[in-house]
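Data block below; observations after.
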Amino acid sequence: NAGVTQTPKFQVLKTGQSMTLQCAQDMNHEYMSWYRQDPGMGLRLIHYSVGAGITDQGEVPNGYNVSRSTTEDFPLRLLSAAPSQTSVYFCASRMGRKNTEAFFGQGTRLTVV
Amino acid sequence: AQTVTQSQPEMSVQEAETVTLSCTYDTSESNYYLFWYKQPPSRQMILVIRQEAYKQQNATENRFSVNFQKAAKSFSLKISDSQLGDTAMYFCAFMTMNTGFQKLVFGTGTRLLVSP
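Line by line, the protein sequences are chains E and R. Numbers -7 to 105, taken from my numbering, label the letters of the first sequence in order. Numbers 246 to 361, taken from my numbering, label the letters of the second sequence in order.
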């Protein structure tokens, strides 16, 4: 049971480039989300999904897109990378509304130069 | 909006000793959960312990226990018999159960160093 798998683990981008961070879970979880972790700021919610075909914005959504075509996958797209998007990104999933335990991927460290 | 405050950026403790990490939160909700997550150098986020607001009894998980003071909106983590493997960043987090998605709201973290 792999849990939540994020790829890549590390990435360096040039300003203006686009890329997709991949997230997949094999636990049949309804809820999936993306957080970013910045020094001194904890983790902040970027986007989330409560099921296939349903996504919504979190507190810091600007510059990012998401889609959820399957239960398993929840990719995060950076449209035009900016240095302010340098961060560690975490994907998380949980069973559903009544289940409070979130399972996290191992994170992606992204540097935008 | 909910906020979570961790006022101790760094703490250190010697092996086998006890350490307490502080967390306060602000909310007008009545139905919520509180969590402590551990993030070791591997970066993995690991759930240490959780507490349901409606439960008066403090949660415990082996060497980890919490002191939940609902009226004071305080949720501290006590680590007993500290081990070198406890060295990590610890995040306090809040989740309301009253709204749609129930996002996790995190504090800024406390870096704990356990020394021999």
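Just so you know, even glycine gets a beta-carbon here, dropped at the ideal spot from N, CA and C.
- Closest in alpha carbon position to E/R60, among E/R86, E/Y23 and E/M33, is E/Y23.
- When C-beta distances to chain R are compared with 8 Å, the residues of the region 13 to 47 of chain E below that value are Y23, S25, Y27, G32, M33, G34, L35, R36, L37, Y40 and V42, in chain order.
- Taken in chain order, the complete alpha helix (DSSP H) segments of 4 or more residues contained in the region 54 to 88 of chain E number zero; there are none.
- Pairing R/Q296 with E/T92, the inter-Cα distance amounts to about 10 Å.
- Three or more Cβ pairs closer than 8 Å define a contact, and the region 68 to 77 of chain E meets that threshold against the region 10 to 17 of chain E.
- Here R/L349 has A338 and M340 as same chain residues with Cβ atoms under 6 Å from its own Cβ, once five neighbours each way along the sequence are excluded.
- Within the region 277 to 311 of chain R, those residues whose Cβ lies closer than 9 Å to any Cβ of chain E are, in chain order, Y278, F280, Y282, Q284, S287, R288, Q289, M290, I291, L292, R295 and E297.
- With contacts defined as CB atoms closer than 8 Å, R/Y278 and R/A298 qualify as a contacting pair.
- Cβ atoms of R/V293 and R/W281 come within 8 Å of each other, at about 4 Å.
- Annotation: R/Q314 to R/E274 spans about 15 Å, alpha carbon to alpha carbon.
- Taking all protein chains in view, the Cβ of R/D331 is crowded by 16 or more other Cβ atoms within 10 Å, so the residue is classified as buried.
- Distance between R/M334 and R/L358, taken at the CA atoms: about 9 Å.
- Across the region 72 to 87 of chain E, CB contacts with chain R closer than 8 Å involve V80, F82 and A84, in sequence order along the chain.
- With a cutoff of 8 Å on beta-carbon distance, E/A84 and E/S25 are scored as near each other.
- Pairing E/G(-5) with E/F95 gives a Cβ-Cβ distance under 8 Å.
- Ranked by Cα distance from E/P67, the first of E/Q14, E/E51 and E/A44 is E/Q14.
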